[in-house]
């Protein structure tokens with residue numbers, strides 16, 4: 008199974024196409040389940056923002072996965088495949104991991120370095136968990152991307168290299184209205200983007216900020232959090248609030264237009280001699296493009312902010328380069344850890360097989376020489392186990408070292424071939440490990456993706472791989488003086504046999520055991 012990313016963003020598609028392709032709410036959930044139900048897909052998550060729609064998946068076949076995901080995205084977005092395909096980009100395996108990390112750091116954002124993408128990835132993470140489409144591999148990639156993004160913002164000046172999308176939009180508003188101090192502002196919506204806009208206007212010293220939202224309680228909470236005079240209104244009072252406002256920032260999840268030219272004209276806007284500016288940060292658009300035709304009314308949408316961002320990208324090239332170096336370092340560390348973890352089941356399966364052989368021969372010896380005293384039997388047992396352990400120690404340590412390099416999985420294949428291991432044994436070890444992790448953690452994967460906000464664990468120690476890391480450590484450690492720990496290895500062997508027997512019952516392809 009390999010990581011695959013299929014998507015489109017402001018870099019690959021015009022805003023008109025992004026607007027048509029955007030999926031949210033129930034449609035997003037339906038698309039998520041449709042992707043996961045595809046025969047070639049084992050796991051799925053969707054990052055959907057105002058300037059990107061990306062599907063992250065774990066697939067068994069590259070071409071089958073790309074075709075299925077592209078067709079589903081076209082179907083659920085309503086964009087014909089011929090129109091959509093020319094704007095899609097695809098990243099696979101290592102490139103997919105690199106892309107995920109770069110996105111989390113803000114390198115792929117319309118406003119380079121903006122931090123909102125971390126929250127948007129976190130939302131995609133949670134939704135996939137809640138809907139049961141997230142598995143171990145995507146969990147690790149998305150969890151690590153959050154940690155990498157957080158690191159980039161802490162260690163570099165990427166935040167200064169590019170302000171938030173809201174700040175870039177408000178800079179355009181300043182060119183139309185002048186300084187924001189003293190303006191009457193209206194914020195339509197109460198989500199994360201609207202909250203950021205309201206807070207920015209508050210810091211800029213707006214005379215008043217009015218928050219309009221479908222849910223009055225949310226609007227009231229946002230208004231109460233501001234340091235300037237503010238109040239909340241329902242959407243039924245939107246027309247009156249529009250007439251009073253100098254600056255309108257709109258970012259809702261509505262499927263259609265929220266503000267139209269006719270609506271503004273009916274309130275005398277454009278005929279009263281006042282200058283007004285509307286900043287539309289929604290996708291699909293909230294504001295009718297034709298409001299630009301009203302005298303004194305300016306409008307900027309996501310497509311208009313491209314030019315402003317081209318200038319912003321020239322700021323802080325050192326910070327951007329520093330983030331790129333972090334991404335490269337983190338990608339290599341993540342892939343090395345993943346390759347090392349992938350060989351662990353083979354090592355454990357090998358040691359389990361060796362332990363079974365030792366036990367079988369010792370049992371046979373007891374049958375042939377029943378008169379052997381206890382002390383002699385114990386010495387023989389320790390000697391045999393010590394010999395086996397020392398013989399296996401060098402190849403298992405070496406295979407770990409080799410597995411960390413690109414193409415390292417071939418060494419695990421060679422180990423399985425040389426020692427004639429049952430092909431299902433390593434898979435059984437991995438599934439037994441996951442079962443143990445579920446018992447310890449209460450779930451297969453950590454339900455809280457917010458560790459990106461604190462000291463996040465490394466990929467190798469992520470939930471669901473803890474036991475595998477322990478097994479790897481045991482398998483690769485220096486051989487003990489008394490040889491291998493028979494109880495530990497026998498327990499591992501029992502897990503292999505138990506899970507192998509369980510795997511004899513057919514399961515739905517892609518399901519985690």
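In my numbering, the protein residues as written are 8 to 520. Glycine included, every Cβ here is placed at the ideal spot set by N, Cα and C.
Checklist entry - Hey, quick one: how far does the beta strand (DSSP E) through residue 98 stretch, first residue to last? => result Taking the chain shown and counting its residues from 1, the one referred to as residue 98 is at position 91. For residue 98, the uninterrupted beta strand (DSSP E) run begins and ends at 96 to 99, by DSSP.
Checklist entry - Roughly how far, in whole angstroms, is the beta-carbon of residue 76 from the beta-carbon of residue 13, given that I think they are within contact range, below 8 Å? => result Position 69 of the chain shown holds residue 76. Position 6 of the chain shown holds residue 13. About 5 Å separates the beta carbons of residue 76 and residue 13, which is inside the 8 Å limit, making them a contact pair.
Next on the checklist: Our contact map puts residue 268 next to residue 310 with C-beta atoms below 8 Å; I'd like the distance itself, whole angstroms only.
Outcome noted: Here the question's residue 268 lines up with position 261 in the chain shown. Here the question's residue 310 lines up with position 303 in the chain shown. Contact doesn't hold; Cβ gap of about 18 Å is too wide.
Item to check | Three-state secondary structure (DSSP) of residue 279 | outcome: Taking the first residue of the chain shown as 1, we reach residue 279 at position 272. In the three-state reduction of the DSSP assignment, residue 279 falls in the coil class, being assigned neither a helical nor a strand state.
Next on the checklist: In this structure, how does DSSP classify residue 64 when only helix, strand and coil are distinguished?
Outcome noted: As a position in the chain shown, residue 64 is number 57, starting the count at 1. Here residue 64 sits in strand by DSSP.
Item to check | Alpha carbon of residue 42 to alpha carbon of residue 388, nearest angstrom | outcome: The residue labelled residue 42 in the question sits at position 35 within the chain shown. The residue labelled residue 388 in the question sits at position 381 within the chain shown. Going by the C-alpha atoms only, they are around 54 Å apart.
Checklist entry - When you compare only the Cα positions, how much space is there between residue 401 and residue 122? => result What you label residue 401 is simply residue 394 of the chain shown in a count that begins at 1. What you label residue 122 is simply residue 115 of the chain shown in a count that begins at 1. For residue 401 and residue 122, the gap between their C-alpha atoms comes out near 47 Å.
Item to check | Sufficient close CB pairs (3 or more, under 8 Å) joining the region 30 to 47 to the region 131 to 139 | outcome: Contact between the region 30 to 47 and the region 131 to 139 is present, because at least three Cβ pairs lie under 8 Å.
Item to check | Heavy atom of the ligand NAD within 7 Å of residue 369 beta-carbon | outcome: For the ligand NAD, the structure offers nothing, since it holds no ligand at all.
Next on the checklist: Among 180, 218 and 404, whose alpha-carbon lies nearest the alpha-carbon of residue 197?
Outcome noted: By one-based count along the chain shown, residue 197 stands at place 190. Minimum Cα distance to residue 197 is reached at 218.
Checklist entry - For residue 69, which three-state DSSP category applies? => result Mapped onto the chain shown, residue 69 falls at position 62. Residue 69 carries a helical assignment under DSSP once its states are collapsed to helix, strand and coil.
Checklist entry - When we look at the beta-carbon of residue 57 and count the other beta-carbons within 10 Å, is it buried (16 or more) or exposed? => result For the purposes of this step, residue 57 is taken as residue 50 along the chain shown, with counting starting at 1. With a 10 Å radius around the Cβ and a threshold of 16 neighbouring Cβ atoms, residue 57 comes out buried.
Checklist entry - In the DSSP assignment, what residue or residues form a beta bridge with residue 14? => result As a first step, residue 14 must be located in the chain shown, where it is residue number 7. Note: residue 14 sits in a beta bridge opposite 61 and 96.
Next on the checklist: Tell me the rounded alpha-carbon separation between residue 359 and residue 353.
Outcome noted: For the purposes of this step, residue 359 is taken as the residue at position 352 of the chain shown. For the purposes of this step, residue 353 is taken as the residue at position 346 of the chain shown. Whole-angstrom Cα-Cα distance: 10 Å.
Item to check | residue 120: first and last residue of the uninterrupted alpha helix (DSSP H) it sits in | outcome: If you number the chain shown from 1, residue 120 lands on position 113. Neither: residue 120 is in no alpha helix (DSSP H) and is coded neither H nor E.
Next on the checklist: Quick check on the DSSP output: what are the complete alpha helix (DSSP H) runs of length 4 or more inside the region 192 to 249, in order along the chain?
Outcome noted: Look at the region 192 to 249 and you find these whole runs of alpha helix (DSSP H), each 4 residues long or longer: 199 to 210 and 223 to 231.
Checklist entry - Start and end of the alpha helix (DSSP H) containing residue 162? => result By 1-based counting over the chain shown, the position of residue 162 is 155. For residue 162, the enclosing alpha helix (DSSP H) has its first and last residue at 143 to 162.
Item to check | Sub-8 Å separation of residue 145 and residue 284 beta-carbons | outcome: The count along the chain shown starts at 1 and reaches residue 145 at position 138. The count along the chain shown starts at 1 and reaches residue 284 at position 277. With contacts defined as CB atoms closer than 8 Å, residue 145 and residue 284 fail to qualify as a contacting pair.
Item to check | Supposed contact pair residue 298 and residue 256 - C-beta distance, whole angstroms, cut 8 Å | outcome: Residue numbering aside, residue 256 sits at position 249 when the chain shown is read from its first letter. Residue numbering aside, residue 298 sits at position 291 when the chain shown is read from its first letter. Not really, about 14 Å apart at Cβ, beyond 8 Å.
Checklist entry - Which whole-angstrom value is the C-beta distance of residue 66 and residue 125, which I expect to be below 8 Å? => result Within the chain shown, residue 66 is the residue found at index 59, counting from 1. Within the chain shown, residue 125 is the residue found at index 118, counting from 1. Not a contact, Cβ separation roughly 26 Å.
Item to check | Residues that residue 56 bridges to, as DSSP identifies them | outcome: In the chain shown, the residue the question calls residue 56 occupies position 49. Beta-bridge pairing links residue 56 to 59.
Next on the checklist: Check this for me: beta carbons of residue 260 and residue 32, under 8 Å apart or not?
Outcome noted: Here residue 260 refers to the residue found at position 253 of the chain shown. Here residue 32 refers to the residue found at position 25 of the chain shown. Yes, these two residues count as a Cβ contact at 8 Å.
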